[in-house]
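Novice: Structure incoming, see below.
Take a look at the structure:
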């Protein structure tokens, strides 16, 4: 997204674009990421928000409802493609793209700065190009894509919780045991895993609301302490929700409503998820991004916060990350079957025309977009299978659950994900 000239203050120095400005240090970045009080506050906020939603008229499945925040459709214009050799994997390809971007944004549009978003590889390449050649890339404000970040966030949670809980649930219910495995590395399989984890979160919430006394969930810290002494299985479920499942869901909902503050707050939690699971490149994203966030000019930070996500249609609570919008462009382009690279720009022009005429065409043929529903792929019988399995293993009543004697994790390995992420071993520090 190019930054309009009127949005840039008169006293702004274009050479300082937020990434590694003169005089900045990494000490404040480390302090920000290591602020455990803020990380815990994020977890408590997620817990109380979703427990409240689960107790509402739609029940626990209501935690998956889209946020009810007004939005307007963002007008997106596809530009001519830049042919590359290896997509965005190589420095030469990223440099070639940025050169074309600079020519258009800075020379043609006369705009001094641009937010440039990409996946992990693109972001990393931009950051290092900016470090090595700051003058050449002074117009670039490098940012990562929240969609790819979300995918790898769930991958990390999947790795941490496979042994202690997830494998047992899949085998016990028999629902997804053939399609969900411990080894998951393809972004294309994200939705499949997302639906599974949403069903697990809803199922655990239903179980807890059914077997615990009213009001017990209002104090998660006291409940977790009691469970740690009397029922390790219950402790596992509570820790899964409090430390992982609900913060992850909160992050997803923040993207849907375009809440930049809540999106950013998750980095304090996510950095150790990534470090504990060997996702070092994404741990570095947390550090590089927070460094940028803390040093970005306030006027630019305000713009970034306002346009953190985009709305492709204009429906409330259905914003997507910019890199996901780009994935949709790629999909639309493939579906148009350009045939050869020379036709790609012609197809992009047609897609621009179709997007611009969409609402007018729908009105003319009486096919206006209807109000979106709260459809979710999470199926009631899947959720019930999870609830039944938990009742069978842990107990179906409050008395049964708090009967002393369950001193080990009844679901699987004794590894505790909430301890693993407190001080990840064999990974680089933050300073």
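In our numbering, the protein residues as written are 8 to 438. Here a beta-carbon is modelled for each residue, glycine too, at the ideal position from N, C-alpha and C.
1) Are the beta-carbon atoms belonging to residue 408 and residue 219 less than 9 Å from one another?
2) Which partner residues of residue 151 appear in the DSSP bridge assignment?
3) Hey, how far is the Cα of residue 48 from the Cα of residue 345?
4) Which one of 209, 431, 316 and 359 has the shortest CA to CA distance from residue 68?
5) Between which two residues does the alpha helix (DSSP H) harbouring residue 314 extend?
6) Restricting to Cα atoms, I'd like to know which of 139, 200, 144 and 348 is closest to residue 385.
7) Is the Cβ-Cβ distance between residue 340 and residue 327 less than 9 Å?
8) Could you give the first and the last residue of the continuous alpha helix (DSSP H) run that contains residue 99?
9) Counting only C-beta atoms, is residue 304 closer than 9 Å to chain D at any point?
10) Can you tell me the Cβ-Cβ gap for residue 160 and residue 277, rounded? I've got them flagged as a contact below 8 Å.
11) Out of curiosity, what's the CA-to-CA distance linking residue 252 and residue 316?
12) Rounded to a whole number of angstroms, what is the C-alpha to C-alpha distance between residue 257 and residue 266?
13) Between the segment 238-245 and the segment 98-111, do three or more beta carbon pairs fall short of 8 Å?
14) Residue 133: buried (16+ other C-beta within 10 angstroms of its C-beta) or exposed?
15) If the criterion is Cβ atoms closer than 9 Å, does the pair residue 162 and residue 255 meet it?
16) Quick check on residue 399: buried or exposed, where buried means 16 or more other Cβ atoms within 10 Å of its Cβ?
17) Quick check on the burial criterion: 16 or more other C-beta atoms within 10 angstroms. Buried or exposed for residue 426?
18) Any idea what DSSP makes of residue 297, helix, strand or coil?
19) Figure out for me which residue from 195, 206 and 118 has the closest Cα to the Cα of residue 394.
20) Taking Cβ to Cβ, would you say residue 282 is nearer than 9 Å to residue 428?
21) Put residue 115 into one of helix, strand or coil per three-state DSSP.
22) May I have the straight-line CA-CA distance separating residue 93 from residue 337, to the nearest angstrom?
23) Just verifying my parser: in three-state terms, what is the DSSP assignment at residue 279?
24) DSSP three-state label for residue 238, please.
25) How about residue 324 and residue 76: are their beta carbons less than 9 Å apart?
26) If you follow the alpha helix (DSSP H) that residue 403 is part of, which residue opens it and which one closes it?
27) Verify whether the separation of the beta carbon atoms of residue 85 and residue 358 is less than 9 Å.
28) Entirely within the segment 316-363 and at least 4 residues each: give me those alpha helix (DSSP H) ranges in chain order.
29) For residue 4 and residue 264, what's the separation of their Cα atoms in angstroms?
30) Output needed for residue 289: all residues of its chain with C-beta closer than 6 Å, excluding positions within five of it in sequence on either side, in chain order.
31) Classify residue 30 as helix, strand or coil using the three-state DSSP reduction.
32) Is residue 86 helix, strand or coil when you go by DSSP?
33) For residue 79, which residues from the same chain have a beta carbon less than 8 Å from its beta carbon, with the 5 sequence-adjacent residues on both sides left out?
Specialist: Let's see:
1) yes
2) 125
3) 50 Å
4) 209
5) That residue, residue 314, is in no alpha helix (DSSP H); it is neither H nor E in DSSP.
6) 200
7) no
8) 98-109
9) No chain D is part of this structure, which consists of one protein chain only.
10) 6 Å
11) 22 Å
12) 10 Å
13) no
14) buried
15) no
16) exposed
17) exposed
18) helix
19) 206
20) yes
21) helix
22) 15 Å
23) helix
24) strand
25) yes
26) No alpha helix (DSSP H) holds residue 403; DSSP gives it neither H nor E.
27) yes
28) 329-342
29) In the structure as shown, the chain starts at 8 and stops at 438, and residue 4 therefore has no counterpart that could be examined.
30) 159 and 281
31) For residue 30, the predicted structure reports a pLDDT of 49, less than 50, and the residue's modelled location is therefore unreliable. The matter cannot be settled from this model.
32) coil
33) 318 and 321
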